[in-house]
Amino acid sequence: MKSRKRAQALIARINEAEAESGGKFKVPDWLKNEDGVASGRKMNAAEQREFNQLITEILRSSVASVYLMACERRWGKKHDAPVFISGDISLGITGKVIEVALVTHIEPILMENKKYSPDEAVVYFYMGHELNKKEDRNKLTDLLDDVFTAMCAEIRSNDYQMLPTPVRH
Numbered sequence: 026m027k028s029r030k031r032a033q034a035l036i037a038r039i040n041e042a043e044a045e046s047g048g049k050f051k052v053p054d055w056l057k058n059e060d061g062v063a064s065g066r067k068m069n070a071a072e073q074r075e076f077n078q079l080i081t082e083i084l085r086s087s088v089a090s091v092y093l094m095a096c097e098r099r100w101g102k103k104h105d106a107p108v109f110i111s112g113d114i115s116l117g118i119t120g121k122v123i124e125v126a127l128v129t130h131i132e133p134i135l136m137e138n139k140k141y142s143p144d145e146a147v148v149y150f151y152m153g154h155e156l157n158k159k160e161d162r163n164k165l166t167d168l169l170d171d172v173f174t175a176m177c178a179e180i181r182s183n184d185y186q187m188l189p190t191p192v193r194h
């Protein structure tokens, strides 16, 4: 009985989060199945991958928010947006910009890990960031700083012209 009430409460919170997201956050129907959640059944391989992708999306967004706040603390805002400053260049950044930097510059390196599947390696990385000590979280901030510093160096080497939009394959 206890697990059924917990399942109902969890599903209610999921539905509330979906509604508040305005369609940006969507949880697979199988995760909102009260019988499946209450029974504690194990996920099959496809469900595990889908779950990992969902958790990665949530954690990546959280990491981006933490980094945005760190940038705002360090450099403030310009035109009502947090900025990243490297020398003479000031980049206005958003959560989406940071998420793209994570997906294109950091996650591919994680996926090369041979110990875990690519999606597990990324989930474990973000979970470690969220759960570890502040010093460990600072390592990810340093990694993102390196990504944006490299972007600024590219802008300088390109005579301060905007870089072409990257092509994702």
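Per my numbering, the sequence shown runs over residues 26 to 194. C-beta atoms are modelled at their ideal positions from N, C-alpha and C, and glycine is treated no differently. Source: prediction; values computed, not measured.
The DSSP assignment places complete alpha helix (DSSP H) segments of no fewer than 4 residues inside the segment 59 to 126 at 59 to 64, 70 to 100 and 120 to 126, in order along the chain. Nearest C-alpha to Val52 among Ala37, Ala178, Arg66 and Ala63: Ala37. Of the residues assessed, Asn40 falls on the exposed side of the cut-off, its CB having fewer than 16 other CB atoms within 10 angstroms. The distance from the Cβ of Ser111 to that of Phe50 is about 33 Å, inconsistent with a contact at the 8 Å cut-off.
Contact annotation: Ala63 and Ala42 have beta-carbon atoms that are not nearer than 8 Å.
Its chain contains Val108 and Ile110 as the residues whose beta carbon lies nearer than 6 Å to that of Trp100, once the 5 sequence neighbours on both sides are disregarded; these appear in chain order. Val148 is the residue among Ile114, Val148, Asp113 and Tyr141 whose C-alpha sits nearest the C-alpha of Val128. Our two residues, Glu72 and Pro133, have alpha carbons roughly 22 Å apart in a direct line. DSSP places Val128 in the helix class (H, G or I) of the three-state scheme. Between Gly48 and Trp55, the C-beta spacing is not below 8 Å. Gly117 is positioned such that its CB atom lies closer than 8 Å to that of Ala106. Excluding sequence positions up to five before and after Ser182, its CB lies less than 8 Å from no other CB in the same chain.
Rounded to the nearest whole angstrom, the C-alpha separation of Cys96 and Ile131 is 18 Å. One alpha carbon belongs to Val122, the other to Asp167, and they sit about 16 Å apart.
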